[in-house]
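Chemist:
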DNA sequence: AATAATCTCAACCGCGGTTTT
DNA sequence: AAAAACCGCGGTTGAGATTAT
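Residue numbers (full-length UniProt numbering): 1 to 225.
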């Protein structure tokens with residue numbers, strides 16, 4: 001049959017980590033390295049599930065974490081990456097050394113969304129927002145306006161979208177290596193590739209899209225190997 | 001100063017793909 | 001081949017902090 005369970009769920013702690021738990025986890029990983037989250041808690045003497053240990057390490061305890069405020073450059077990079085690949089936080093984090101996917105996700109939801117809305121840009125489509133007299137500084141607790149990215153979007157979400165037939169909001173991301181040039185779809189003014197509208201000139205856009213994702217080199221700087 | 005409203009972010013949950021037995 | 005756990009991801013929650021009234 002399958003494997004044995006990773007931990008006895010009845011005997012695991014939940015909620016905020018204590019200093020002692022942090023110390024144990026850090027000490028163990030310093031001594032034995034990352035990986036094998038399944039066996040780590042027991043080996044480290046922690047009453048946590050491996051998943052929780054992994055999360056705590058990656059998002060909080062890792063020594064290479066930057067912490068502190070995001071710079072303007074990081075903001076802009078996140079916005080650009082999000083416009084290309086959407087909510088792929090781990091991919092975005094891979095391009096921001098010292099930042100975690102969770103941190104970026106939180107930062108997006110609390111700061112950048114609002115920043116874009118203030119600029120009159122829809123944070124989902126990255127297109128200019130149509131103002132209907134609604135409050136654009138949507139507090140985070142309110143239900144966000146859900147707009148789908150296209151066919152890949154989950155049914156539940158796309159069902160709430162009013163699709164405009166002449167809009168193409170589809171986003172594509174190339175695999176790390178593409179042998180031949182992917183033809184850039186012909187753009188009609190302001191309606192193609194909504195996610196790429198960042199106020200860049202066409203030539204700039206094409207150039208940046210390749211370079212900052214590392215697609216031109218085939219290398220996606222994926223930290224967590 | 002007290003209370004309510006809002007914001008922030010660490011942690012949890014559930015899912016999909018992968019790996020192991 | 002099938003079943004079950006592992007792993008990593010994105011979405012969501014909720015406690016504590018901060019700000020407004």
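Idealized CB from N, CA, C, for every residue including glycine.
Given the structure is predicted, the values throughout are model-derived calculations rather than measurements.
By a C-beta neighbour count over all protein chains shown, 10 Å radius and 16 as the cutoff for buried, is residue 23 buried or exposed?
Modeler: So residue 23 ends up on the exposed side.
Chemist: Let me know if residue 21 comes out buried or exposed under the rule of 16 or more other beta-carbons within 10 Å of its beta-carbon.
Modeler: Result: buried.
Chemist: Once the 5 residues before and after residue 108 are set aside, which same chain residues still bring their CB inside 6 Å of it?
Modeler: Cβ neighbours of residue 108 beyond the five flanking positions: none.
Chemist: Taking the alpha-carbon of residue 34 as reference, which of 114, 51, 78 and 118 has the nearest alpha-carbon?
Modeler: Measuring from the Cα of residue 34, the nearest candidate turns out to be 51.
Chemist: What span of residues does the alpha helix (DSSP H) with residue 49 cover, start to end?
Modeler: Run containing residue 49: none; DSSP gives neither H nor E here.
Chemist: Would residue 91 pass as a contact of residue 57 if the rule is Cβ separation under 9 Å?
Modeler: No, they are not a contact pair.
Chemist: Could you tell me which residues DSSP puts in a beta bridge with residue 121?
Modeler: DSSP lists 128 as partners of residue 121.
Chemist: Using the Cβ count rule (16 or more neighbours within 10 Å means buried), how would you classify residue 49?
Modeler: Residue 49 comes out buried.
Chemist: Across the stretch 67-78 and the stretch 38-48, are there enough close Cβ pairs to call them in contact, namely three or more that are closer than 8 Å?
Modeler: Too few Cβ pairs lie closer than 8 Å, so no.
Chemist: With residue 19 as the anchor, note down where its alpha helix (DSSP H) starts and where it stops.
Modeler: Start and end: 19-32.
Chemist: Among 27, 16, 125 and 31, which one has its Cα closest to the Cα of residue 80?
Modeler: Closest option to residue 80, Cα to Cα, is 125.
Chemist: Using DSSP with H/G/I as helix, E/B as strand and the rest coil, what is residue 75?
Modeler: The answer is helix: DSSP assigns residue 75 an H, G or I state.
Chemist: Since residue 107 is in the alpha helix (DSSP H), which residue starts that stretch and which ends it?
Modeler: Residue 107 -> alpha helix (DSSP H) spans 101-107.
Chemist: So which of 18, 99 and 37 has the shortest CA-CA distance to residue 75?
Modeler: Minimum Cα distance to residue 75 is reached at 99.
Chemist: What residues in its chain sit with their C-beta under 8 Å from that of residue 47, if we drop five residues either side in the sequence?
Modeler: Excluding positions up to five away in sequence, the list reads 11, 12, 13 and 41.
Chemist: In whole angstroms, what is the alpha-carbon distance linking residue 104 and residue 89?
Modeler: Cα to Cα, the separation comes out at about 7 Å.
Chemist: Enumerate in chain order the residues of its own chain whose CB-to-CB distance from residue 28 is below 7 Å, with the five nearest sequence positions on each side excluded.
Modeler: If we look at residue 28 and ignore the five residues flanking it on each side, its Cβ neighbours are 40, 43 and 44.
Chemist: Under a three-way DSSP split, which group does residue 97 fall into?
Modeler: It is coil, neither helix nor strand.
Chemist: Skipping 5 residues on each side, what residues in its chain have a beta carbon closer than 6 Å to that of residue 65?
Modeler: Once the five neighbours on either side are set aside, the close Cβ partners of residue 65 are 98.
Chemist: DSSP on residue 63, reduced to helix/strand/coil?
Modeler: Coil at residue 63, not helix or strand.
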